[in-house]
Each structure stands twice: as C-alpha cells, then as structure tokens.
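Numbering (our numbering), first residue to last: 9 to 310. No residue lacks a Cβ here, since even glycine has one placed at the ideal position from N, Cα and C. Small disclaimer: the values here were computed from a predicted structure and weren't measured.
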C-alpha cells in the first residue's frame with residue numbers, strides 16, 4: 009500500500025502515509041520503524057523482494073549498501089562476490105567505495121572480455137586477466153600519498169595489513185612468503201612477496217617498486233618468474249605470474265619490453281588513496297587506449 013501510494017499524483021499523500029505509519033508501528037513495536045527505515049524497507053522491496061532476488065546469506069546492512077547501486081548487473085556482481093567470498097558489510101562498503109567492480113570491468117572490457125567471466129571460479133582455464141587489476145587501491149595502509157617511502161616500508165605495511173591486501177588482490181590468493189631467497193652461483197636475490205592462487209593454479213610473484221617503472225624492474229621480475237618456472241613450481245602448476253606493483257607505470261617501457269608480449273608478466277600501479285570517479289574514468293580511458301594501440305600493432309603484424 010505504501011509503495012503504491014508513492015506513485016504519481018499521490019506522492020504527497022504517500023509521504024504523509026509513511027509518517028503516520030511510522031508513528032503507529034513505533035507505538036506498537038518500538039524502535040526501528042521510523043520514517044527513514046520505512047523508506048529503506050520500501051526501497052528494499054523495490055530493489056530485491058519484488059524481483060525474488062533476496063539472498064539469505066546477506067544481512068540487512070549488506071542490503072542497505074547494495075540498495076545504493078542502481079545498475080542491476082553491478083549489484084548482482086557484488087551480491088555474488090559477497091556470498092562467495094564471505095565479505096562482511098564493512099568489506100563490501102570498501103569494495104564499492106574503491107570502485108572494485110569498475111576496475112575489474114575496465115580491465116576486462118578493454119580486452120573485450122565480459123566481467124562475468126571473472127566470477128566463474130569453477131572454470132579450469134580461468135585467465136589471469138580476469139583477476140588481476142590496475143590500479144590496486146591500498147588506502148587501507150594509511151600511508152600519505154605524496155611522501156617518499158622505501159620499498160621495505162611499503163612491504164612491511166602490506167604484511168601488517170595482509171588480510172586487507174589479500175582482499176584487494178582478489179579471488180583465490182593465499183600468502184606464501186616474503187623476501188623469498190633465490191641463490192644462483194653464490195649470489196642471493198629476494199622476491200618481495202610470493203602468493204599462490206588456487207584458481208589460476210600458479211605462483212604469483214609481486215615485486216614492489218616505489219618509483220616509476222624501469223627496464224631494470226622488468227628484467228628483474230622476468231628473472232624471478234623464469235627461476236620459479238625451472239626450480240619451484242611443481243607438476244600440474246600453470247605458468248608462474250609476475251607482477252611489478254609500482255607507483256607509476258611507464259607506458260613506453262611496457263610497449264617496448266617483454267611486458268607487451270609475455271602473458272605471465274604484468275605491471276600495475278598502486279594508489280595510496282581511493283580515487284575519485286573522474287580519476288578512475290581517466291585511468292580506464294588511458295588503459296583502454298594503450299591496449300587498443302597494442303592490439304592494432306599486433307593486427308598489423310599479422
């Protein structure tokens with residue numbers, strides 16, 4: 009009745025009806041039935057109940073956050089992610105505020121891959137591009153954006169916030185080691201962070217760089233990946249993935265290095281704050297342009 013009364017010319021009557029109903033319900037049942045909550049209930053009905061879309065695994069707090077999302081596909085994506093990964097309401101709120109869906113969509117859309125492929129976790133040949141993101145949002149570290157940090161400081165902050173970092177990395181990641189030592193002919197080298205992704209069925213090496221991407225960085229991660237391929241991974245593992253997580257990408261370096269042709273090597277930016285929607289759109293358009301340019305070059309070669 010309340011929903012119908014809010015339609016069309018009876019909108020004013022509906023407002024008064026909600027006010028009256030809130031008073032009556034509060035008198036009879038106590039707290040929790042004020043005007044604001046009744047509007048939430050009506051919005052909940054419009055968004056979920058009337059489409060038989062209610063999932064028992066989610067709390068009322070989850071649904072209050074989800075009701076803010078107008079796009080049906082985007083809302084359904086977050087519902088499935090919440091249930092599959094057991095996100096708390098606070099974790100869901102952070103994902104929404106950090107444009108998690110848009111970042112996944114931007115990566116996949118610009119490569120002409122539908123975002124729904126990312127949530128098909130039972131796919132045996134799931135593509136790394138469905139999971140990896142650019143940029144990664146690390147605002148939970150509490151580090152100032154325009155301050156110089158050593159790589160060891162960034163690494164320690166990530167370890168101190170490992171659970172949150174795993175959530176930001178995405179599906180299937182488990183922590184293996186930090187400063188994993190590699191010894192060759194008596195010389196020691198150290199991989200900053202090592203993960204294993206059970207969906208991709210492979211090791212994921214993360215090399216942290218607090219500067220703009222350089223050729224030396226690319227060579228270093230390429231070396232680490234090749235070593236893991238020869239000495240660490242076991243039978244049945246998929247190819248090892250290497251990610252350079254840097255403060256700024258060098259698109260020219262990406263274009264003329266093995267990053268442009270090796271599906272096991274990636275460079276992603278990190279941000280120490282949640283970007284605005286305009287900033288995110290800029291990042292998406294820039295990444296799409298670079299990918300389309302790359303695809304154009306590949307097609308011309310063919």
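For secondary structure counted as the beta strand (DSSP E) over 3 or more consecutive residues, the stretch 169–195 holds these complete runs in sequence order: 181–192. When the alpha-carbon of residue 231 is set against those of 198, 253 and 209, the nearest one is in 198. Contact between residue 87 and residue 74 holds, since their C-beta atoms are separated by about 7 Å, short of 8 Å. Taking the Cα of residue 234 as reference, the smallest distance to any Cα among 266, 256 and 145 is reached at 266. The C-beta distance from residue 170 to residue 181 rounds to 10 Å, too long to fall under 8 Å, and the pair is not in contact. Boundaries of the alpha helix (DSSP H) harbouring residue 80: 80–93, taken from the DSSP string.
DSSP, reduced to helix, strand and coil, places residue 251 within a strand of the structure shown.
The alpha carbon of residue 25 has as its nearest neighbour, out of 42, 37, 242 and 76, the alpha carbon of 42. In the DSSP assignment, residue 275 falls within the beta strand (DSSP E) that extends over 273–279.
Under the three-state reduction of DSSP, residue 206 is assigned to coil, being neither helix nor strand. For residue 273 and residue 253, the gap between their C-alpha atoms comes out near 11 Å. Going by C-alpha positions, residue 244 is about 42 Å away from residue 152. Closest option to residue 144, judged by alpha-carbon separation, among 257, 27 and 155: 257. Residue 221 is positioned such that its CB atom lies no closer than 7 Å to that of residue 163.
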